[in-house]
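Residue numbers (the working numbering), protein chains in the order written: chain A, 1 to 321; chain B, 1 to 321.
Following this line, the structure appears as structure tokens:
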């Protein structure tokens, strides 16, 4: 029997959002709980499975659900576990998929947020019909989901696709949250962009900019975006620097898997051409000649509020029943 | 019917070597012709197909050959063509697979040398049973063949896996044959190693080394190897520099596809621990913590004189009949 629905779960540091999704990527019903409310993962999972039961009860029946897909920080597809996620209240290795499956009686698959985004783009979004593409998520960090030959690249241990942690500056690079220096994420995440703003303000004291109206430590990527949209030259330069670094990195990614497209997803991608123009210029300039003018640069076309749940839900179509 | 043999063709700049290979990777019979003898590709292919007919006649019959695999410079698996190979006498795009298939009546598949090496390792060599690994060829250039989920990564256009051309030095990098600067190949190929030797001799005039007995422009990687084996400190340092650069690059490759192993193949890999020790130390030091002490570093275990033909032949098992 061809089951018509899947459930997507987006486990974020603050909220856990759950939605019932049909084959065309329509979210029939969704709701959320607070991720951090329970210090014991069992209590959290009890509340989560109650929510899932309620959502199903209002929409369909359990035997119409093909599977549950979850996108979580540090989610490992192979083990179904959340492994040492720094931003969640539960420490160590949590066998999330198994624990949830035991409660709701529907098969559960799990992966990290960026991989879920890539599956979402392939199933419902900008990458429909593509077999080789890369999704880059530009949020607090820089994440990636890589698809090769129509399959997610999980690698030998389930942790492939850490493209936020390729080294862009080998000497005197910025300290990254991973403990090393010079990672892409330290420059081209939303946090990295705000850091660039603070650096520019300090290094270029003579340049007029409305960013000086904000206490340096409080500057966010949104502030820089607003300033750039209002014509502020330094703010535009900050986006240019951020995009150029991404373009350099993308040129190397292309040498690896020669994708049909690189798709931008999340926070910074809302900056539109402010970020895309320097990425495109820098990627083409830094690329090996045989790859030039071949790779599409795109924004995700999934509605932002739905994207994380949709991406996670797409994994539900792939579970083994 | 299960055909027991394949034919492997290694098209090199100097020689074209052909072998008949069985399922265990034994070369039953092989022979070669000069690649550069004919300025017209049709004449070359006539001689090549005559050679293939002769090899078959002495061993088996045509209907026992499952397919022909060819490893060629700039070979594109998707199109079956050799595209703009700088070191071959025939210019532009050569539909090699089709032209050869028309002559011999056996299906022909083609890819570049490094991809052929990766398929060879997976079929007969160090990567048997692995689904995720990378082969790095260290010869005149640096090439790569990447396997993900048990499949060669060809990418959208057939040109994926150009890992010799990721950028290792973004400022004041060495000029590379591809026209850009700072590529891995400019440092860590056999040619790059000899270049490092010339640089060290010039930059460190006070250091004693037997390399000064050779005219600088004539120094080869073999000379540096011989000196290092005789205990020459500068020669050892040159291998250390070359290996450390490879280790930095490998750490980034691991962030991409999280392979079970990285396998070294070709020229420089003969240097053994002289090159492997600094690679290992540098790769582990530069790697994202979650990947540390997981990735095997290995040498190809295919007999060198046979490896190119074996690798190409392995593609013959995959042709569609």
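Heads up, the beta-carbon is just placed ideally off N, CA and C, and yes, glycines get one too.
Residue(s) in a DSSP beta bridge with residue i
{"i": "residue 152/B", "result": "147/B"}
{"i": "residue 183/A", "result": "167/A"}
{"i": "residue 296/A", "result": "261/A"}
{"i": "residue 21/A", "result": "6/A and 27/A"}
{"i": "residue 213/B", "result": "Residue 213/B is not bridged to any residue."}
{"i": "residue 15/B", "result": "34/B"}
{"i": "residue 72/B", "result": "112/B"}
{"i": "residue 82/A", "result": "75/A and 94/A"}
Among the options, the one whose alpha carbon lies nearest that of residue i
{"i": "residue 156/B", "options": "251/B, 35/B and 79/B", "result": "79/B"}
{"i": "residue 236/A", "options": "258/A, 276/A, 125/A and 161/A", "result": "276/A"}
{"i": "residue 299/B", "options": "109/B, 254/B, 41/B and 263/B", "result": "263/B"}
{"i": "residue 86/B", "options": "13/B, 57/B, 20/B and 144/B", "result": "13/B"}
{"i": "residue 158/A", "options": "122/A, 82/A and 24/A", "result": "82/A"}
{"i": "residue 102/A", "options": "123/A, 143/A and 42/A", "result": "42/A"}
{"i": "residue 131/B", "options": "123/B, 138/B and 137/B", "result": "123/B"}
{"i": "residue 269/A", "options": "313/A, 205/A, 234/A and 221/A", "result": "221/A"}
{"i": "residue 280/A", "options": "303/A, 99/A and 250/A", "result": "250/A"}
{"i": "residue 244/A", "options": "133/A, 189/A, 175/A and 179/A", "result": "189/A"}
{"i": "residue 54/B", "options": "31/B, 69/B and 272/B", "result": "31/B"}
{"i": "residue 33/B", "options": "23/B, 9/B and 56/B", "result": "9/B"}
{"i": "residue 303/B", "options": "285/B, 169/B and 121/B", "result": "121/B"}
{"i": "residue 161/A", "options": "286/B, 256/B and 69/B", "result": "256/B"}
{"i": "residue 317/B", "options": "48/B, 38/B, 49/B and 119/B", "result": "119/B"}
{"i": "residue 246/B", "options": "205/B, 165/B and 172/B", "result": "165/B"}
Environment of residue i [buried if 16+ CB atoms lie within 10 Å]
{"i": "residue 197/A", "result": "buried"}
{"i": "residue 288/B", "result": "buried"}
{"i": "residue 238/B", "result": "buried"}
{"i": "residue 260/B", "result": "buried"}
{"i": "residue 45/B", "result": "buried"}
{"i": "residue 129/A", "result": "exposed"}
{"i": "residue 335/A", "result": "Absent from the structure is residue 335/A, since the part of chain A shown begins at 1 and ends at 321."}
{"i": "residue 106/B", "result": "buried"}
Backbone secondary structure at residue i - three-state DSSP
{"i": "residue 34/B", "result": "strand"}
{"i": "residue 250/A", "result": "helix"}
{"i": "residue 175/A", "result": "strand"}
{"i": "residue 273/A", "result": "helix"}
{"i": "residue 55/A", "result": "helix"}
{"i": "residue 120/B", "result": "helix"}
{"i": "residue 129/A", "result": "coil"}
{"i": "residue 60/A", "result": "coil"}
{"i": "residue 201/A", "result": "helix"}
{"i": "residue 134/A", "result": "strand"}
{"i": "residue 66/B", "result": "strand"}
{"i": "residue 142/A", "result": "strand"}
{"i": "residue 107/B", "result": "coil"}
{"i": "residue 320/A", "result": "coil"}
{"i": "residue 236/B", "result": "helix"}
{"i": "residue 87/A", "result": "coil"}
{"i": "residue 243/A", "result": "helix"}
{"i": "residue 162/A", "result": "coil"}
{"i": "residue 279/B", "result": "helix"}
{"i": "residue 290/B", "result": "helix"}
{"i": "residue 222/B", "result": "helix"}
{"i": "residue 192/B", "result": "helix"}
{"i": "residue 39/A", "result": "coil"}
Short Cβ contact (7 angstroms threshold) for residue i with residue j
{"i": "residue 167/A", "j": "residue 182/A", "result": "yes"}
{"i": "residue 254/B", "j": "residue 291/B", "result": "yes"}
{"i": "residue 112/B", "j": "residue 75/B", "result": "yes"}
{"i": "residue 71/A", "j": "residue 311/A", "result": "yes"}
{"i": "residue 67/A", "j": "residue 6/A", "result": "yes"}
{"i": "residue 152/B", "j": "residue 115/B", "result": "yes"}
{"i": "residue 295/B", "j": "residue 148/A", "result": "no"}
{"i": "residue 108/B", "j": "residue 97/B", "result": "yes"}
{"i": "residue 135/B", "j": "residue 145/B", "result": "yes"}
{"i": "residue 35/A", "j": "residue 60/A", "result": "no"}
{"i": "residue 193/A", "j": "residue 242/A", "result": "yes"}
{"i": "residue 301/B", "j": "residue 125/B", "result": "yes"}
{"i": "residue 51/A", "j": "residue 93/A", "result": "no"}
{"i": "residue 282/B", "j": "residue 233/B", "result": "no"}
{"i": "residue 77/B", "j": "residue 200/B", "result": "no"}
{"i": "residue 210/B", "j": "residue 227/B", "result": "yes"}
{"i": "residue 3/B", "j": "residue 64/B", "result": "yes"}
{"i": "residue 225/B", "j": "residue 271/B", "result": "yes"}
Min CB distance residue i to chain D below 7 angstroms
{"i": "residue 159/A", "result": "Reference to chain D is not applicable here, since the protein chains of this structure are A and B."}
Any non-hydrogen atom of the ligand SAH closer than 6 angstroms to residue i Cβ
{"i": "residue 39/B", "result": "This structure does not include the ligand SAH; it has no bound ligands of any sort."}
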